[in-house]
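Chemist: Residue numbers (full-length UniProt numbering): 1 to 571.
(1) Once DSSP output is grouped into helix, strand and coil, what is the label at residue 480?
(2) Verify the contact flag: residue 444, CB atom, against every heavy atom of the ligand MN, threshold strictly below 7 Å.
(3) Using a threshold of 8 Å, state whether the C-beta atoms of residue 60 and residue 396 are closer than that.
(4) In whole angstroms, what separates the C-alpha of residue 144 from that of residue 116?
(5) Considering only their Cβ atoms, is the gap separating residue 306 from residue 297 smaller than 8 Å?
(6) Hey, is the stretch 482-491 in contact with the stretch 506-516, meaning 3+ C-beta pairs nearer than 8 Å?
(7) I need the straight-line Cα distance from residue 542 to residue 426, nearest angstrom please.
(8) Taking the continuous beta strand (DSSP E) assigned at residue 443, which residues delimit it?
(9) What does the Cβ neighbour count give for residue 27, buried or exposed, with the cut at 16 atoms within 10 Å?
(10) DSSP three-state call for residue 165: helix, strand or coil?
(11) Do residue 209 and residue 193 have their beta-carbon atoms positioned less than 8 Å apart in this structure?
(12) Going by DSSP, what residues sit across from residue 498 in a beta bridge?
(13) Using three-state DSSP, classify residue 541 as helix, strand or coil.
(14) Using a Cβ-Cβ cut-off of 7 Å (strictly less than) and excluding sequence neighbours within five positions of residue 314, which residues of its own chain qualify?
(15) Mind checking whether residue 160 and residue 236 have CB atoms under 8 Å apart?
(16) Quick one: using the 10 Å Cβ neighbour count with 16 as the cut-off for buried, is residue 468 buried or exposed?
(17) Can you tell me where the beta strand (DSSP E) holding residue 307 begins and where it ends?
(18) Which of helix, strand or coil does DSSP assign to residue 242?
(19) Give, in chain order, every unbroken run of the alpha helix (DSSP H) that is at least 4 residues long and sits entirely within the stretch 191-265.
(20) Evaluate residue 573 with the Cβ neighbour count: other Cβ atoms within 10 Å of its Cβ, from every protein chain shown; 16 or more gives buried, anything less gives exposed.
(21) Would you tell me roughly how many angstroms separate the C-alpha atoms of residue 275 and residue 112, rounded to the nearest one?
(22) What are the boundary residues of the beta strand (DSSP E) that includes residue 328?
(23) Would you mind giving the Cβ-Cβ distance between residue 323 and residue 279, rounded to the nearest angstrom? I have them listed as a contact below 8 Å.
(24) Quick one: is residue 353 buried, meaning 16 or more other Cβ sit within 10 Å of its Cβ, or exposed?
(25) Could you pull out every unbroken beta strand (DSSP E) segment of at least 3 residues lying fully inside the stretch 140-184, listed in chain order?
(26) What residue from 333, 492, 452 has the CA that sits closest to residue 557's CA?
(27) How would you label residue 416, buried or exposed, when you count the other beta carbons within 10 angstroms and need 16 or more for buried?
(28) Does the Cβ of residue 518 have 16 or more other Cβ atoms within 10 Å, making it buried, or fewer, making it exposed?
(29) Using C-beta distances below 6 Å, list every residue in its chain close to residue 376, excluding the 5 sequence neighbours before and after it, in chain order.
(30) On the criterion of 16 or more Cβ atoms from any shown chain inside 10 Å, does residue 71 qualify as buried, or is it exposed?
(31) Cβ atoms of residue 563 and residue 494: under 8 Å apart, would you say?
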């Protein structure tokens with residue numbers, strides 16, 4: 001296979017200026033990117049890492065507050081507001097011909113896979129040319145339902161290069177969940193694997209492409225270089241969330257500029273620095289796995305690790321040991337599952353920084369982390385819509401991590417806990433967590449409190465979203481699916497506490513037949529097959545009536561209050 005080395009081209013005045021010569025090396029496609037006219041020097045990875053270290057080197061919380069400015073993250077990237085492309089910043093400019101690892105994939109079946117910046121860059125460029133040849137225009141959506149793999153990263157970054165919009169989707173989606181999202185974003189092409197191909201073809205609208213060796217062979221004929229023409233404010237990603245601002249799933253629309261904004265969370269939430277061995281087991285179809293687990297480290301030229309297939313905490317711990325991981329960001333449930341496996345003592349860990357998101361971590365799991373991982377777990381708080389806004393500054397030697405706390409605001413962000421009348425809550429008083437955006441206070445849909453030292457604490461969701469094992473689920477979506485079952489007359493869904501998952505889905509069902517264990521299993525299977533393997537009621541209670549509001553809507557708050565009272569009584 002050809003080896004491509006890119007050197008400066010003095011007669012090309014495009015932003016991302018390249019020329020190349022081809023010669024045979026026998027292995028992979030690798031190349032070095034040279035920056036074009038626009039004030040960016042041509043630097044090798046080692047030089048760039050030293051340069052970036054000067055921008056990211058801090059050991060004190062006070063330094064972060066004093067020196068972080070809204071323009072500082074731009075200095076980490078080649079682009080500017082007129083020329084910015086996530087694929088270039090995360091992949092192309094780091095492809096220097098050395099075969100340096102971009103992604104390590106721990107497969108559930110025990111395999112380890114390493115993908116270099118070089119091979120992803122070449123594949124993404126070829127895929128971008130293929131999209132052009134297929135007539136895909138900037139702004140069109142390219143959806144893909146794939147596990148972490150070479151095709152996943154080729155599709156993700158290739159679509160971004162062309163100006164198309166990447167739409168990552170969970171491989172666990174069933175027909176109803178997938179249809180909701182496909183109908184919403186209307187992708188031109190839906191890319192998946194052979195296992196999910198029939199499901200994908202049942203959707204109306206998109207052309208279905210199977211990401212197999214045939215696709216990789218087909219794009220091989222195209223050049224391994226692509227010149228992106230996107231601007232900072234051009235859309236790059238549609239990220240689906242389960243409705244924190246409306247009842248059914250919605251796409252949060254991210255521009256290429258979102259990568260720049262992300263750097264505050266990367267620097268102060270996950271604490272990513274050059275030289276880190278980083279890992280994030282969250283799916284890149286979820287905001288945490290894509291932005292904090294994939295784009296943030298790759299944007300800084302840091303190798304990232306991820307998990308593919310059915311999650312196994314023991315397999316994860318083996319990968320953390322084998323890869324010598326020093327920095328991990330995970331969902332709270334990942335830590336709980338490692339604790340509950342009872343196998344942590346079989347492995348050696350090398351952590352210097354840990355972070356988590358998605359939900360609070362219980363005290364027993366925090367004790368486990370202290371015992372086996374030897375560093376504090378730092379919470380990050382944010383949403384797909386607003387990004388990370390509260391962090392615990394991993395690596396700052398003057399910042400005390402308080403167990404259970406969300407931490408303090410990211411530099412430049414302003415948050416407040418407020419009473420219903422809009423006045424600030426006193427320390428210890430629960431109120432609604434508000435964020436100052438666009439010259440006004442905006443709700444996060446979460447309840448919180450602060451302590452006397454200014455640390456924030458999460459006190460539950462203000463809406464009907466359920467967070468279970470790091471997955472954000474819509475109560476309405478699950479209810480709507482249950483109501484399709486012929487035995488269900490009415491139903492209501494809430495989240496109830498669970499020692500391992502934080503919350504689990506509980507369904508209250510009015511059935512037209514006698515409730516039974518067999519019907520419970522039938523409803524669970526029905527919902528899983530329609531929505532996703534994680535999105536079903538783990539607890540089902542058959543009832544004869546449901547509490548209603550005066551308008552006739554199911555009053556879920558009353559159900560939550562009843563469940564809370566049961567816990568108090570049991571205690």
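Note that the Cβ used here is the ideal one computed from N, Cα and C, for glycine as well.
Quick caveat: nothing in here was measured; it's all calculated off a predicted structure.
Modeler: Concretely, from the data shown:
(1) Your numbering for residue 480 matches position 480 in the chain shown. The answer is helix: DSSP assigns residue 480 an H, G or I state.
(2) Among the components of this structure there are no ligands whatsoever, and the ligand MN is therefore not found.
(3) On the chain shown, position 60 is the one that residue 60 refers to. On the chain shown, position 396 is the one that residue 396 refers to. For residue 60 and residue 396, yes; Cβs fall inside 8 Å.
(4) Your numbering for residue 144 matches position 144 in the chain shown. Your numbering for residue 116 matches position 116 in the chain shown. Taking the straight line joining both Cα atoms gives about 21 Å.
(5) Walking along the chain shown from the start, residue 297 turns up at place 297. Walking along the chain shown from the start, residue 306 turns up at place 306. No; because the gap between Cβ atoms is not below 8 Å, this pair is not in contact.
(6) yes
(7) Position 542 of the chain shown holds residue 542. Position 426 of the chain shown holds residue 426. CA-CA distance, residue 542 to residue 426, rounds to 41 Å.
(8) Here residue 443 refers to the residue found at position 443 of the chain shown. Per DSSP, the unbroken beta strand (DSSP E) holding residue 443 starts and ends at 440-450.
(9) Here residue 27 is taken as the residue at index 27 of the chain shown, counted from 1. Residue placement at residue 27 cannot be trusted, given a pLDDT of 29 that sits under 50; the coordinates are not used to answer.
(10) Mapped onto the chain shown, residue 165 falls at position 165. Reduced to three states, the DSSP call for residue 165 is strand.
(11) Residue numbering aside, residue 193 sits at position 193 when the chain shown is read from its first letter. Residue numbering aside, residue 209 sits at position 209 when the chain shown is read from its first letter. In this structure, residue 209 does not lie closer than 8 Å to residue 193 by Cβ.
(12) In the chain shown, counting from the first residue as 1, residue 498 sits at position 498. The partner list for residue 498 (beta bridge, DSSP) reads 502.
(13) Residue 541 sits at position 541 when you count from the first residue of the chain shown. Strand.
(14) As a working note, residue 314 is residue 314 in the chain shown. Once the five neighbours on either side are set aside, the close Cβ partners of residue 314 are 341, 343.
(15) Residue numbering aside, residue 160 sits at position 160 when the chain shown is read from its first letter. Residue numbering aside, residue 236 sits at position 236 when the chain shown is read from its first letter. A contact, by the Cβ cut-off of 8 Å.
(16) The count along the chain shown starts at 1 and reaches residue 468 at position 468. Residue 468 is buried by the Cβ-count criterion.
(17) The count along the chain shown starts at 1 and reaches residue 307 at position 307. Start and end: 304-308.
(18) Counting from 1 along the chain shown, the entry for residue 242 is found at position 242. Low local confidence applies: a pLDDT of 47 at residue 242 is under 50, so the model's placement there is unreliable, and no value is given.
(19) 197-201, 213-219, 258-265
(20) The requested residue 573 is not part of the displayed model; the chain covers only 1 to 571.
(21) For this step, residue 275 is matched to residue 275 along the chain shown. For this step, residue 112 is matched to residue 112 along the chain shown. Approximately 21 Å between the Cα atoms of the pair.
(22) Here residue 328 corresponds to residue number 328 of the chain shown, with the count starting at 1. From DSSP, the beta strand (DSSP E) with residue 328 extends over 327-331.
(23) Taking the chain shown and counting its residues from 1, the one referred to as residue 323 is at position 323. Taking the chain shown and counting its residues from 1, the one referred to as residue 279 is at position 279. Between the beta-carbon of residue 323 and that of residue 279 there is about 7 Å, and that keeps the pair under the 8 Å contact cut.
(24) Looking up residue 353 in the chain shown gives position 353. Buried.
(25) Within the stretch 140-184, the complete beta strand (DSSP E) runs of at least 3 residues fall at 141-145, 165-168.
(26) Reading the chain shown from its first residue, position 557 is the one you call residue 557. The candidate whose alpha carbon is nearest that of residue 557 is 492.
(27) Position 416 of the chain shown, counting from 1, holds the residue named residue 416. Result: buried.
(28) One-based indexing of the chain shown puts residue 518 at position 518. When all chains shown are included, residue 518 counts as exposed.
(29) Here residue 376 refers to the residue found at position 376 of the chain shown. So the qualifying residues of the chain are 401.
(30) Reading the chain shown from its first residue, position 71 is the one you call residue 71. Taking every protein chain shown into account, the CB of residue 71 has fewer than 16 other CB atoms within 10 angstroms, so this residue is exposed.
(31) On the chain shown, position 494 is the one that residue 494 refers to. On the chain shown, position 563 is the one that residue 563 refers to. For residue 494 and residue 563, yes; Cβs fall inside 8 Å.
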